[in-house]
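Structure first, then comments.
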């Protein structure tokens, strides 16, 4: 059972089951209430109990994976695989979601699907213990390392204010389609890590960002190459002690997924889902002002799906 344009009534007033926290995210994702059911949606919000099936519902409402991946194209999928942490800790992107995305890419005719991250913990352990490597291999994708500077090429970021040069992983530069799949979680420096922040895992020299106005650098890099699709995993959400977390006590179950071509809109919606306003996250505001995308959710056509 599912109903399009579901408003998720009552979420704002009550306690999310099993989470122990009060959240009003979906009740504030109003968007354009006059958008017709068959509209060309700017953003899709899905609530359910199966991350893979939730992706299927969400992508189908945008016309299916064939809208984004064409026969013979090469695809790079960029999850958050930064930490040597088990899936239930929500430090990394849900592995089942990654497996389903890869499967749908191949069904759309992709020639190849590669997956990588410039990890924070030791990369082999991150890939393995996150559960993502297993899902990638099972779906026929290819796991690529991100641990050597030799994989990265220096590029100009002409739209950047602070960040004008970056070393970017060759997969981002050479692939036809770029799919960004972050997990929504708290972050000690950036407040939240979502879609734009996840792009720090495609560059080599990210420590420079932390020393030179992190929020501006995040927005700057987003002007370089925007992902063709942003899929935000908000199934398990780390509400505190991010980005690595301490235990499962840091995690709440939101059972949610957001999909959008607009990276700023995706992050703005995720911030609301988390319980914050887009204005609370400096890099979202800066990216909006730089024209990377829009954080004005009221102007968007948002499709809500409850499964």
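Numbering (this note's numbering), first residue to last: 42 to 348. Built from N, CA and C at the ideal position, the CB exists for glycine as well.
Only counting the same chain, and skipping five residues up and downstream in sequence, which positions put a Cβ closer than 8 Å to that of residue i?
i: residue 247; result: 159 and 241
i: residue 136; result: 128, 171, 172, 173, 175 and 176
i: residue 317; result: 232 and 233
i: residue 62; result: Low confidence applies to residue 62: its pLDDT is 35, below 50, so where it sits in the model is not reliable, and the reading given next is rough at best. The residues are 56, 280, 293 and 316.
i: residue 93; result: 137, 138, 140 and 141
First and last residue of the beta strand (DSSP E) that includes residue i?
i: residue 197; result: 193 to 197
i: residue 289; result: Note, residue 289: premise wrong, no beta strand (DSSP E); not H, not E.
i: residue 274; result: 270 to 279
i: residue 208; result: 206 to 210
i: residue 347; result: 343 to 347
Assuming residue i and residue j form a contact by the criterion Cβ under 8 Å, report the distance between their Cβ atoms to the nearest whole angstrom.
i: residue 273; j: residue 223; result: 6 Å
i: residue 117; j: residue 191; result: Their Cβ separation, rounded to whole angstroms, is 17 Å, which puts residue 117 and residue 191 out of contact at 8 Å.
i: residue 134; j: residue 121; result: 5 Å
Taking the alpha-carbon of residue i as reference, which of the options has the nearest alpha-carbon?
i: residue 146; options: 169, 134, 112 and 131; result: 112
i: residue 96; options: 188, 296 and 313; result: 296
i: residue 165; options: 151, 325, 208 and 185; result: 185
i: residue 181; options: 198, 347, 141 and 343; result: 141
i: residue 201; options: 291, 312, 98 and 263; result: 263
i: residue 253; options: 230, 269, 267 and 110; result: 230
i: residue 198; options: 187, 214 and 183; result: 214
i: residue 344; options: 93, 104 and 225; result: 104
i: residue 348; options: 84, 81 and 98; result: 98
i: residue 291; options: 321, 209 and 278; result: 278
i: residue 210; options: 110, 221, 243 and 227; result: 243
i: residue 256; options: 321, 306 and 298; result: 321
i: residue 110; options: 144, 89 and 84; result: 144
State the Cα-Cα distance for the pair residue i and residue j, rounded to the nearest angstrom.
i: residue 178; j: residue 236; result: 24 Å
i: residue 203; j: residue 194; result: 19 Å
i: residue 259; j: residue 325; result: 9 Å
i: residue 149; j: residue 301; result: 18 Å
i: residue 327; j: residue 188; result: 30 Å
i: residue 225; j: residue 310; result: 11 Å
i: residue 334; j: residue 341; result: 11 Å
i: residue 81; j: residue 101; result: 12 Å
i: residue 86; j: residue 219; result: 20 Å
i: residue 329; j: residue 270; result: 18 Å
i: residue 265; j: residue 245; result: 15 Å
i: residue 221; j: residue 275; result: 14 Å
i: residue 338; j: residue 313; result: 10 Å
i: residue 196; j: residue 239; result: 18 Å
i: residue 304; j: residue 268; result: 7 Å
i: residue 130; j: residue 249; result: 28 Å
i: residue 48; j: residue 306; result: Here residue 48 scores only 30 on pLDDT, less than 50, and its place in the model should not be relied on; the value that follows carries that caveat. Approximately 18 Å between the Cα atoms of the pair.
Can you find the residues in the same chain that come closer than 6 Å, C-beta to C-beta, to residue i, ignoring five residues on each side of it along the sequence?
i: residue 132; result: 124, 126, 285 and 286
i: residue 308; result: 235, 236, 237 and 325
i: residue 332; result: none
Sorted by chain position, which residues of the same chain lie with C-beta nearer than 7 Å to residue i's C-beta, five sequence neighbours on each side aside?
i: residue 15; result: Because the chain in this structure spans residues 42 to 348, residue 15 falls outside the shown range and cannot be described.
i: residue 152; result: 113, 114 and 115
i: residue 60; result: Reliability of the predicted coordinates at residue 60 is poor, the pLDDT of 33 falling under 50, and the value obtained from them is presented with this limitation in mind. Cβ within range, chain order: 293 and 294.
i: residue 169; result: none
Counting along the chain, where does the alpha helix (DSSP H) carrying residue i start and finish?
i: residue 170; result: 164 to 170
i: residue 312; result: 304 to 315
i: residue 94; result: 92 to 101
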